[in-house]
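Q:
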Ligand code: FDA
Ligand code: NAD
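Now the structure itself:
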């Protein structure tokens, strides 16, 4: 017999966006029992970026509750007790397998039913699997993906079991670079294989990539470009032994970590909500075409005012801000107030070894390098400005201080004329905007 619970506000997904939404609900005024968060994960919302960084370190690794939201943005850490205290029901280890938006009921794998007045979809993304690319033998043991804390725990267990062994990292994107670095810090023999000719090809220019590639090679990491994993061999115990590449090479491996992209989790709403690109279509208030349903974080394809474009953004800053915006909108509409439309400035960052970069804006047009990008420098500091129609529309900075990163964000927002200001960047002055 299935049970049913009802909530005024229901959030499906218990990741970054859900946590920041909960905090915003409390700020705006929430009564006990009004809000529930349903998560397939077993833990309260946390700052997901930690999983590919300090969570994997051999020493001083972070563990929950150390990185529950909202510490990643310098905010209050919301422990499980906080939700209890605020009368927010955290329904953990619960996967929703059916969403009926007409009857406003979600059904869990265990058969529980949850009804709502207002639904916020915050299901995030899942990792793409090598099996989806037709890679043979990709179901061998010791091939890892990284999305949730349970994935990170399995990887940590193998890091301990296969001490100083061989790791092949498949993919040269965010996960590839961050996990590749973390595995090296764990003294593994690391090879990173990627299809493109450049690290992080969706953002990095040739010069930016050349810096990080040389830096990684100096750390003893092997890079194999322009090819892909096509098959895995495993031993009698089912554990992966070798990775076969498209170019014929074969690499020994004790552990494989694949970071081959992510896909927004929107299947539950297929045919029920308008889509745009590969996400759920929303307006600048994160309202979907169902007036009682909002979508935030990785799953939302929303209007970016600055570029007059509809985009999905798979990054944590947007997950936080879109969640806060949706809650403000919900509360404002209850009180017949209006609030400004979301005005996103895309912001991406990464931290590996002693390096740290930030990027703000749009990486379109003509990139111009500035600063010292010698990977052997004691403290490399360089950047790139993207120039479109004579304006600086995007800025990348490696090694910037917090104030400098704020300043480059302002440049990307204001889009000053390149002719006048490019020289300032070359001189290391970032504060003109
Ligand atoms: P998020 O993925 O955080 O949460 C979704 C939640 O929904 C999960 O708890 C999931 O279990 C749950 N869920 C999904 N389907 C469900 C269902 N049917 N029933 C119940 N629960 C369900 N970004 C950045 O800007 N800088 C960085 O350094 C990093 N680093 C980073 C590292 C790693 C390892 C990953 C995987 C990702 C990053 N990111 C990042 C990206 C960033 O973490 C990501 O954009 C946000 O977490 C998105 O927040 P959401 O809340 O949308 O999804
Ligand atoms: P990604 O899109 O950054 O990189 C995917 C990489 O895999 C690319 O290099 C691609 O060419 C390669 N690839 C795809 N198929 C392949 C194949 N069959 N064989 C070999 N290479 C193949 O995706 P990701 O690194 O998996 O990251 C997943 C998600 O996690 C993204 O949403 C990302 O934004 C997020 N994330 C972000 C950060 C950050 O912002 N610092 C850090 C970690 C993860």
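Residue numbers (our numbering): 52 to 484. All C-beta atoms, glycine included, are put in the ideal place defined by N, C-alpha and C. These numbers come from a predicted model, not from an experiment.
Could you tell me which uninterrupted alpha helix (DSSP H) segments, each at least 4 residues in length, are contained entirely in the region 124-183, listed from first to last along the chain?
A: Complete alpha helix (DSSP H) runs here, min 4: 131-136.
Q: How many whole angstroms separate the CB atoms of residue 294 and residue 280, which I take to be in contact at a CB cut-off of 8 Å?
A: Their Cβ separation, rounded to whole angstroms, is 5 Å, which keeps residue 294 and residue 280 in contact under 8 Å.
Q: Whose C-beta lies closer than 6 Å to the C-beta of residue 327 among residues of the same chain, with five residues either side of it excluded?
A: These residues qualify, in order along the chain: 352, 361.
Q: Roughly how many angstroms lie between the CA atoms of residue 257 and residue 264, to the nearest whole one?
A: Going from the Cα of residue 257 to the Cα of residue 264 covers about 10 Å.
Q: Out of curiosity, what's the CA-to-CA distance linking residue 266 and residue 231?
A: If I take the Cα positions, the gap works out to 12 Å.
Q: Buried or exposed, going by whether 16 or more other CB atoms sit within 10 Å of the CB of residue 199?
A: Residue 199 should be labelled buried.
Q: Can you tell me which residues fall inside 5 Å of ligand 1, judged by beta-carbon distance to its nearest heavy atom, and keep chain order?
A: The filter returns 64, 65, 66, 67, 68, 90, 91, 92, 99, 100, 102, 103, 146, 147, 173, 174, 175, 197, 198, 316, 348, 349, 365, 366, 367, 370, in chain order.
Q: Assuming residue 173 contacts residue 62 (C-beta within less than 8 Å), just tell me the rounded distance between them.
A: Yes, they are in contact, since the Cβ atoms of residue 173 and residue 62 sit about 6 Å apart, within 8 Å.
Q: Would you check if the region 388-398 and the region 356-371 touch, i.e. whether three or more CB-CB distances between them fall below 8 Å?
A: Flag = yes, the region 356-371 and the region 388-398 touch.
Q: If I'm right that residue 393 touches residue 373 with Cβ under 8 Å, what's the distance once you round it to whole angstroms?
A: Confirmed, about 7 Å.
Q: Got a sec: does ligand 2 put a non-hydrogen atom nearer than 7 Å to the Cβ of residue 246?
A: It does: the Cβ of residue 246 is within 7 Å (strictly closer) of some heavy atom of ligand 2.
Q: Among 107, 55, 449, whose alpha-carbon lies nearest the alpha-carbon of residue 436?
A: Nearest C-alpha to residue 436: 449.
Q: Can you give me the C-alpha to C-alpha distance between residue 138 and residue 432, rounded to a whole angstrom?
A: Cα to Cα, the separation comes out at about 47 Å.
Q: Give the DSSP bridge partners of residue 303, in chain order.
A: BP columns for residue 303 point to 293.
Q: With distances taken between CB atoms, is the gap from residue 186 to residue 308 smaller than 8 Å?
A: Cβ atoms of residue 186 and residue 308: not closer than 8 Å.
Q: Select from 105, 110, 103, 70 the residue whose C-alpha is nearest the C-alpha of residue 126.
A: Nearest C-alpha to residue 126: 70.
Q: Taking only three categories from DSSP, how would you classify residue 366?
A: Note: residue 366 maps to coil in three-state DSSP.
Q: What are the start and end residues of the alpha helix (DSSP H) that includes residue 262?
A: Residues 257-269.
Q: Quick one: what's got a C-beta closer than 6 Å to residue 88's C-beta in the same chain, skipping five residues either side?
A: Excluding sequence neighbours, residue 88 sits near 62, 65, 69, 141.
Q: Terminal residues of the continuous alpha helix (DSSP H) containing residue 456?
A: Start and end: 453-465.
Q: Kindly indicate which three-state DSSP category residue 481 falls into: helix, strand or coil?
A: Coil.
Q: Is any heavy atom in ligand 2 found nearer than 7 Å to the beta carbon of residue 113?
A: Checking the Cβ of residue 113 against ligand 2 gives no.
Q: Buried or exposed, going by whether 16 or more other CB atoms sit within 10 Å of the CB of residue 253?
A: Answer is exposed; the Cβ neighbour count stays below 16.
Q: Closer than 8 Å is the cut-off here; do at least three beta carbon pairs connect the region 96-109 with the region 155-171?
A: Taking 8 Å as the limit for Cβ pairs, the verdict is that the region 155-171 does not touch the region 96-109.
Q: By Cβ distance, which residues of its chain are closer than 7 Å to residue 358, with the 5 residues on each side in sequence left out?
A: If we look at residue 358 and ignore the five residues flanking it on each side, its Cβ neighbours are 413.
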